[in-house]
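Enquirer: First the structure, which I've put down as C-alpha cells, then a few questions once you've had a look.
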Amino acid sequence: MSRKKSGVGRGMTFAARRAIAGRLFLLPWIIGFVYFFLIPFIQGIVYTLNKLSFTANGVALDFVGFANYKKLISDLDFLKVLANALIEMFPRVIIIVFFSLFVALILRGEYRGRTLARAVFFLPVIISSGVVITVLQENVMGTNLSGKESAYLFQAASFETLLSGIGLSDQMLAAFTDIINRLFDLSWKSGVQILLLLAAVNNIPRSHYEAAVIEGATEWEKFWKITFPTVSPTLLVTVIYTVIDSFTDYSNSVMRMIEEKLGLGYYEYSSTMAFVYFLCVLVIIGVVGGLISRKVFYQSE
Amino acid sequence: MLKKKLNRSIGGTIALFVLLALVGLYTSLPLFYTVSNAFKPLDQLYKFPPPLFVANPTTDNFIELIQLCSEYRIPLSRYIVNSVFVSVVSTLGNLALASMAAYPLAKHTFPGKKLIQKMVVMSLLFTSVVTYIPQYVVIAKMGLLNTQWSVILPMFMMPLGLYLMQNFIMLLNDSMLEAARIDGAGEFRIYASVVMPNCKPAWLTLIIFAFQQVWNNNGNLYIYKEAQKMLPALLSSVAAGSSSVARAGVSAAASLLILIPPALIFLLSQSSVVETMSTSGMKD
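Protein chains in written order, with my numbering: chain A, 93 to 393; chain B, -13 to 270.
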C-alpha cells in the first residue's frame, strides 16, 4: 500500500486514495486541536519550569528548572489531598457506571412518556453546569455559597426537617441524610452516562433478542449474552468519562486546591500541581482502560 | 417491546419503577425550584425552608425582568441573538468536525492513528486550569479577543464530541461500509449517507452536550464588550446587581427562561432518537 501523497487521484491504488480521504477528514479537527489544545498545553508545561511575571508586554519567563516540582514533592497537604482523591474515585466510578447502566436499561425502548423520563435524569446536568445554579442557591438557601457546592445544595436541609418531624433519633437522621446526600450526588453526576448508555442500549438490533427468545434464552442470559457484550464498548467510554468527570469537577478537593493557588497568583505552582495531577489521572485511565478494553467486544471484528 | 417480561413479576416491576420515580423526583427537585421560584412573589422567595409550591403564583418577576432589561444600555434581543448565534454555530461546527474526524479514526487504518486517538483522550481529561493563560495568549494572538469566535472556535474541537462519535462509529458493521464501497461510493458519500444516518443516536446526543456546554458559556474570559456578550452574562449581572434582595425574583425568572433552550434541544433530540434505531440491523 503506497502511503505517499503523490498526485491527485489518478494512478493511485484504491487504498491510497482512501488514506488521503481519511486524512482530509481529520485535517480540520487536527488544526483546531493544535491551536486550542496542543500549543497551550505545551506552553503550560513550559510554565511549570519557569517563574512567571506579568509585564506590560505579556508574560516574562525566568527559567528555574525543576524547582516547582521539588516544592510540590515536599508539599504534604497536596500529596494527602491527591492520595485521598485517587482512593475515593474508585468506588464512586463503579457506582455511577452501574447506576447509569441500570437506569438506562429501565428507560430504554419505546413507551409513552419516555422523553420525560429521560429528561428527569438529564436536566440536572443542564442546570448544574450554568449560572442558573448560583441563582438557585441564593434563592433557595438565602445564602451565597461559593458555587462549588452545587451538589450539596438541596441535600439534607429540607429532608432533615422533614425526618426529624417524624421523630427519628439523631443517629438515624445522620445515617439517613448521608445516604440521601450520596444518592443525590451520584444521580446528579450520572446524567451524561445514562444518556450515553441509552444510546448504546437502544442501538442493539431487536433481531438479536428475538433470536435469543426463539432459542429459549432467559432474561438473565439475554442480559449477559447480548446486552452486556454489545454495550461493553460504550461502558468503557462511560468509565473513562466518569473518571475524567470526577477528576475535573470543581468540587473535587485537588481541583479546589489548584484553583486556590491560582487565585493567589502562584500560577506556575498551580500549573505544576495540575500537570502532576493530570499525569496521575492519565496513568489511571491507561491502566483501567487497558484492563477493560481486553474484555470489550466489538461487533465488527 | 417492554423488556423483562419473562421472569420478572409484576410486583417487582412496579417496585423498580417506584424506586426510580422516587430517585427521579429527588433529582428533579432543583428543576422544580427553578420553575416555582420564577412564579413566587418576593416574600415567599425568602422563606426558610423554601416552600415547594407557590401559594399565589404571579408573573410579576417576568414583568420586572422585562422592565429591568429595557433600562439596560444593550437591549435584551442583542443578548439573545448573540447567544443563539454562538450556540448554533458552535454546535454545528463541532458536529461536522467531530463526526468527520471520527470516521477515519474509527474505520480506517493509517499511520499515527493510535497516537491521535490517545491525544483525544488526553485532551478530554485536560482541564482549563493549566491552559488558562496560554490559551488566552493564543486567542489574543489570533486576534479573536472581544469577538464571539473566541468562544466558537475552541468549541469546534471539543474532544468529547469526537470521542463519542468515534466510539459509536466503531460499532458500525464493516460490511455495510464495504457494500457501499463496492457500489462505488466515495469516502465522503459513505460518511454522509452510510455512517451518519446509522449513528443518529450518537450525534443527537452530541448536539445535546455541545449545545448545553456552549449555551452556558458566558464568554467572560475573552469578551469584554457588553454588546458581544451572551445571555448567561446578562443573567449574572442581573443576579449580582447592587440590590440583590430586590432582584431575587427577577433572577429566578431569568433562570427559568435561560433553561428553556437547552431543555428544548434535549427534548427534541431525545424524542427522535428511538425511532431510527431499528433500521441498523444487518443480516450476516
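Every residue, glycine too, gets a C-beta built ideally from N, C-alpha and C.
All of these numbers come straight from a predicted model, not from anything done at the bench.
Taking the CB atoms as reference points, tell me whether B:K93 and B:I52 lie closer together than 8 Å.
Expert: Against a cut-off of 8 Å, the Cβ pair of B:I52 and B:K93 comes out as no contact.
Enquirer: Between the region 141 to 161 of chain B and the region 190 to 206 of chain B, do three or more beta carbon pairs fall short of 8 Å?
Expert: They touch, by the three-pair rule.
Enquirer: Judging by CA-CA distance, which residue of B:L243, B:K104, B:A188 is the nearest neighbour of B:N47?
Expert: Of the candidates B:L243, B:K104, B:A188, the one whose C-alpha sits nearest the C-alpha of B:N47 is B:L243.
Enquirer: Per DSSP, which one or two residues make a beta bridge with A:A152?
Expert: A:S145.
Enquirer: From A:F146 to B:A240, what distance separates their C-alpha atoms?
Expert: Spanning the two alpha carbons is a distance of roughly 38 Å.
Enquirer: B:I125 to A:F133, Cα distance in whole Å?
Expert: Spanning the two alpha carbons is a distance of roughly 14 Å.
Enquirer: Which residue comes first and which comes last in the alpha helix (DSSP H) that contains A:D337?
Expert: It spans 320 to 340 - the alpha helix (DSSP H) in which A:D337 sits, taken as one unbroken run.
Enquirer: Apply the 10 Å Cβ neighbour rule to A:K172 and answer buried if 16 or more other Cβ atoms are within range, or exposed otherwise.
Expert: Result: exposed.
Enquirer: Based on Cα-Cα distance, which residue from A:Y161, A:V335, A:A111 lies nearest to A:F182?
Expert: Comparing Cα positions, the closest option is A:V335.
Enquirer: Hey, is A:L193's beta-carbon within less than 8 Å of any beta-carbon in chain B?
Expert: Output row for A:L193: interface = no.
Enquirer: How about B:P218 and B:N203: do their beta carbons lie closer than 8 Å?
Expert: Cβ distance < 8 Å, so B:P218 and B:N203 count as in contact.
Enquirer: Return the chain-ordered list of same chain residues with a C-beta closer than 7 Å to the C-beta of A:I137, the five sequence neighbours on each side being excluded.
Expert: Closer than 7 Å at Cβ, skipping near neighbours: F367.
Enquirer: Is B:Q30 close to chain A? Criterion is C-beta to C-beta, closer than 8 Å.
Expert: False, the Cβ-Cβ gap to chain A never drops below 8 Å.
Enquirer: Against B:F96, what residues of chain A qualify as contacts under a CB-to-CB distance less than 8 Å, listed in chain order?
Expert: Chain A residues near B:F96: R95, A111, G114, R115.
Enquirer: Enumerate in chain order the residues of its own chain whose CB-to-CB distance from B:L221 is below 6 Å, with the five nearest sequence positions on each side excluded.
Expert: Result list for B:L221: A240, I244, in chain order.
Enquirer: Taking Cβ-Cβ distances shorter than 8 Å, what residues in chain B pair up with A:N160?
Expert: Residues of chain B passing the Cβ test: none, with the nearest at roughly 12 Å.
Enquirer: Alpha helix (DSSP H) containing A:R115: first to last residue?
Expert: A:R115 -> alpha helix (DSSP H) spans 106 to 125.
Enquirer: If we ignore side chains and look at the alpha-carbon of each, how far apart do A:F155 and A:I350 end up?
Expert: Cα-Cα distance, rounded: 22 Å.
Enquirer: Got a sec, what are the start and stop residues for the alpha helix (DSSP H) B:P247 sits in?
Expert: Unbroken alpha helix (DSSP H) run through B:P247: 234 to 257.
Enquirer: So is B:K26 buried or exposed if we call it buried at 16+ other beta carbons inside 10 Å?
Expert: Buried, by the Cβ-count rule.
Enquirer: Does the Cβ of A:W312 have 16 or more other Cβ atoms within 10 Å, making it buried, or fewer, making it exposed?
Expert: That one is exposed.
Enquirer: Given a cut-off of 8 Å on the beta-carbon distance, is the pair A:S360 and A:Y139 in contact?
Expert: For the record, residue 360 of chain A in the displayed sequence is Glu; it is not Ser. Yes, the pair counts as a contact, with Cβ atoms nearer than the cut-off.
Enquirer: Does DSSP classify A:I219 as helix, strand or coil?
Expert: Here A:I219 sits in helix by DSSP.
Enquirer: Going by C-alpha distance, which of B:N23, B:E164, B:L54 is nearest B:V40?
Expert: Ranking B:N23, B:E164, B:L54 by Cα distance to B:V40 puts B:N23 first.
Enquirer: Using three-state DSSP, classify B:T(-1) as helix, strand or coil.
Expert: In this structure, B:T(-1) counts as helix in the three-state DSSP scheme.
Enquirer: Check whether the Cβ of A:N295 lies closer than 8 Å to any Cβ atom in chain B.
Expert: Chain B contact via Cβ: present.
Enquirer: Does the beta-carbon distance from B:I102 to B:L91 come in below 8 Å?
Expert: Yes, the pair counts as a contact, with Cβ atoms nearer than the cut-off.
Enquirer: Sort B:P16, B:S85, B:L253, B:I119 by Cα distance to B:I176 and report the nearest one.
Expert: Looking at the Cα atoms, B:S85 is the closest of the given residues.
Enquirer: Do you know whose CA, among A:K281, A:F389, A:L130, lies nearest A:S192's CA?
Expert: Nearest of A:K281, A:F389, A:L130 to A:S192, Cα basis: A:K281.
Enquirer: Report the CB separation of A:G211 from B:L253 in whole angstroms; it is logged as a contact under 8 Å.
Expert: Correcting the residue identity first, residue 211 of chain A is Ala in this sequence and not Gly. Correct: roughly 6 Å between the Cβ atoms.
Enquirer: Can you check whether the C-beta of B:V137 is within less than 8 Å of a C-beta belonging to chain A?
Expert: No, because no Cβ of chain A sits closer than 8 Å to the Cβ of B:V137.
Enquirer: Where do the N-terminal and C-terminal ends of the alpha helix (DSSP H) with B:W338 fall, by residue?
Expert: Outside the displayed range of chain B (-13 to 270) lies residue 338 of chain B, so it cannot be described from this structure.
Enquirer: Closest Cβ-Cβ distance between A:S324 and chain B: below 8 Å?
Expert: Chain B, which has no Cβ nearer than 8 Å to the Cβ of A:S324, makes this no.
Enquirer: Could you tell me whether any Cβ in chain C is nearer than 8 Å to the Cβ of A:P216?
Expert: Looking at the structure shown, chain C is missing, and the protein chains on hand are A and B.
Enquirer: To the nearest angstrom, how far is it from the Cα of A:A159 to the Cα of A:L141?
Expert: Rounded to whole angstroms, A:A159 to A:L141 spans 7 Å at the Cα level.
Enquirer: Whose C-alpha, out of B:Y65, B:G(-3), B:A171, is nearest the C-alpha of B:Q214?
Expert: Measuring from the Cα of B:Q214, the nearest candidate turns out to be B:Y65.
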